[in-house]
Ligand SMILES: Cc1cc2nc3c(=O)[nH]c(=O)nc-3n(C[C@H](O)[C@H](O)[C@H](O)COP(=O)(O)OP(=O)(O)OC[C@H]3O[C@@H](n4cnc5c(N)ncnc54)[C@H](O)[C@@H]3O)c2cc1C
Ligand SMILES: Nc1ncnc2c1ncn2[C@@H]1O[C@H](COP(=O)(O)O)[C@@H](O)[C@H]1O
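Protein chains in written order, with the numbering used here: chain H, -5 to 318; chain Y, 44 to 292.
This is the structure we're talking about:
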């Protein structure tokens, strides 16, 4: 049986999270004794042949002008049709804002279970076990799949994409069939200022909290972020105060992130904040209170006044770049 | 117009997770049970729509165990008209839940079905979209803004790097995100009125499980934190560690 991967595209480009899913698919494929097959819905080919390098044997491409924008009713029907044709043992989605609607729909259509937001997957002779954080990351659940195919969505940044896989990456036309009538139309997409990378997909995040004292001081965080090539995040306290938009909020009622480096500036480290960032690879905390809970999870803590420490760190990082 | 709000009772977000003796579930000892926080946004929006229109019915629907009526009473006190409690000792996987809820919702022919973005216990974020598929409705997840215009609604949601503005033909399912509104507290009058509102109880109709939970465990603890130093003087060492030990810069 093969491993089917939903290949997500936006504006004519395959989204990076789909390569992460392909990376896992390549690792799982031997246990299922089949190929890695992609399925993609797009107005035209978003460069799928390049996915051979990321481990894809072949991709089914369904084209239609309306596929430029996501429509759950339509897309779920097409993906379910591809599942019925390919008969995979596993179907993988990246847990993106699109797939958070698509994957459960496909599961309901096929009548199989879905393990969402998985952070670990093992295959023991074709029997899959997925691990996924629950209770806002305070616990980890292991699940198994009594039916085939097993459906999983993967937390971004938890699975490593492959390069140089040397697979064929053949692109095959897939007839989507008659499309159901659309009843939800994306009228507009307003890009975030500066077209910045989304928090969930960032390698480096610098987040600011109430310790910054006011919205105007976020420029300290922005400057450090710029020096590091990072995206800016925020605690709920500053989002609720209206200093930052909700899209920037990290935590239980915001975004769950897992960057390589997370820098927390003037954030106390409340349990609901930790829930959203404690699977980051490396955490740096800057806080004037040595007893702040954020230091319990910080790999590297600096106790001090952020108004002095942050500009000094920004300077030091900028200097590094010059010598690099 | 009928609106159905699906509500899950969950452990309070402050709960310290302890694994039960079965090794697969939360030890319920000492846990405070609350309405899933995202479901409060969903219920609030439904109540606002009803108030704006000056008519209609808001039905809250929940699948769960014996302790559920407290949460349902709270929803009625906030202003819902009636509640349906689908009784099940154990809350099964999302698809089984969605099927049981859909069977109850279908005959009501609601204009809008509301859910929360996700339940903060299983963090699945599945039931809303599954309901939509089972009911043959469109769904927009994690909405942060809602405006009704006759037979359709315009909603907004955050996606990676931007915000989508979506026009939806009703009937539809929406899942509510934080930021959609500011949920009200139940007033004393509401609490009194809720005592007279009906909670209908019936057994949940559940099929075979679609997922099997084999274990619940506490996450591997992070290595204990380390303080590099104090103030600006700590910066050279911090940069060295980030560069040489963490290999990040
Ligand atoms: C249901 C629920 C959901 C929640 N969801 C979230 C969520 O998703 N995300 C989230 O973040 N929170 C969430 N919260 C809120 C959370 O409990 C905290 O209130 C919030 O995280 C605190 O934000 P903060 O760390 O910025 O502020 P504070 O807790 O006020 O911390 C400010 C910190 O700044 C430090 N500081 C002050 N001045 C300086 C200085 N000059 N230099 C250095 N340090 C300084 C202080 O020592 C302090 O540690 C939620 C709460 C509930 C009840
Ligand atoms: N047992 C349940 N009873 C009623 N509604 C539920 C139940 N489980 C989930 N929901 C609804 O579906 C949403 C998402 O839940 P989940 O898919 O479990 O994360 C919740 O916010 C509720 O609105």
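Note that CB positions come from ideal geometry on N, CA and C, so glycine has one too.
Check	Outcome
heavy atom of ligand 2 below 7 angstroms from residue 106(Y) C-beta	yes
Per DSSP, the bridge partner or partners of residue 256(H)	199(H), 277(H)
Ligand 2 heavy atom lying under 7 angstroms from the CB of residue 215(H)	no
Closer than 8 angstroms to chain H by CB, residue 205(Y)	yes
Residue ranges of each beta strand (DSSP E) within the stretch 163 to 223 of chain H, 3 or longer	164 to 167, 178 to 185, 198 to 202
heavy atom of ligand 2 below 7 angstroms from residue 137(Y) C-beta	yes
Coil, strand or helix - residue 317(H) by DSSP	Below a pLDDT of 50, predicted positions are generally treated as unreliable, and residue 317(H), at 48, falls in that range; the measurement from the model is reported next regardless. Helix.
Close Cβ partners of residue 180(Y) (< 6 angstroms) along its chain, the five nearest in sequence each way excluded	214, 215, 216
Beta-carbon gap between residue 186(H) and residue 205(Y) smaller than 8 angstroms	yes
Contacts around residue 197(H), its chain only, beta-carbon distance under 7 angstroms, and the 5 residues preceding and following it disregarded	253, 254
Distance, residue 37(H) Cα to residue 56(H) Cα	8 angstroms
Interface flag, residue 317(H) vs chain Y, CB-CB below 8 angstroms	Low per-residue confidence applies at residue 317(H): pLDDT is 48, beneath 50, and the placement is therefore not dependable, though the value from the model is reported in the following sentence. So no, residue 317(H) is outside the interface.
DSSP-derived helix/strand/coil call for residue 292(Y)	coil
Residue span of the alpha helix (DSSP H) that contains residue 80(Y), given as start and end	80 to 96
Neighbour-count burial assignment, residue 69(H), 16 or more Cβ in a 10 Å radius	buried
Beta carbon proximity, residue 271(Y) to chain H, threshold 8 angstroms	yes
Residue-chain proximity (residue 351(Y), chain H), Cβ-Cβ < 8 angstroms	With chain Y covering only 44 through 292, there is no way to say anything about residue 351(Y).
Backbone CA spacing between residue 244(Y) and residue 238(Y) [nearest angstrom]	15 angstroms
Residues in the stretch 175 to 188 of chain Y having any Cβ partner in chain H nearer than 9 angstroms	175, 176, 177, 179, 180, 181, 182, 183, 184, 185, 187
Limits of the unbroken beta strand (DSSP E) element including residue 261(H)	From DSSP, residue 261(H) is part of no beta strand (DSSP E); its letter is neither H nor E.
Contact residues within the stretch 102 to 118 of chain Y, judged by C-beta distance below 7 angstroms to chain H	none
Where residue 184(H) falls, given that 16 or more other Cβ within 10 Å makes a residue buried	exposed
Residue environment, residue 21(Y), which counts as buried when at least 16 other CB atoms sit within 10 Å	The requested residue 21(Y) is not part of the displayed model; chain Y covers only 44 to 292.
Cα-Cα separation between residue 194(Y) and residue 235(Y), rounded to whole angstroms	34 angstroms
Selected residue, minimal CA-CA separation from residue 160(H), among 303(H), 292(H), 30(H)	30(H)
Contacts of residue 140(H) in chain Y (Cβ-Cβ under 8 angstroms)	251, 252, 253, 254, 255
Residue 280(Y) versus residue 271(Y): straight-line alpha-carbon distance, rounded	7 angstroms
Within chain H, the residues that residue 221(Y) reaches when beta carbons sit closer than 7 angstroms	240, 247
Near ligand 2: residue 111(H) beta-carbon under 7 angstroms from a heavy atom	no
One or two residues paired with residue 212(Y) in a DSSP bridge	195(Y)
C-alpha distance - residue 156(H) paired with residue 11(H), whole-angstrom precision	12 angstroms
For residue 195(H) and residue 298(H), the rounded distance between their alpha carbons	30 angstroms
One or two residues paired with residue 50(H) in a DSSP bridge	DSSP output for residue 50(H) lists no bridge partner at all.
Per-residue DSSP class, three states only, for residue 50(Y)	coil
Beta carbon proximity, residue 56(Y) to chain H, threshold 8 angstroms	yes
Straight-line Cα distance separating residue 227(Y) from residue 317(H)	Only weak support is given to the placement of residue 317(H): the predicted model assigns it a pLDDT of 48, under 50, and the value that follows is read from those uncertain coordinates. If I take the Cα positions, the gap works out to 56 angstroms.
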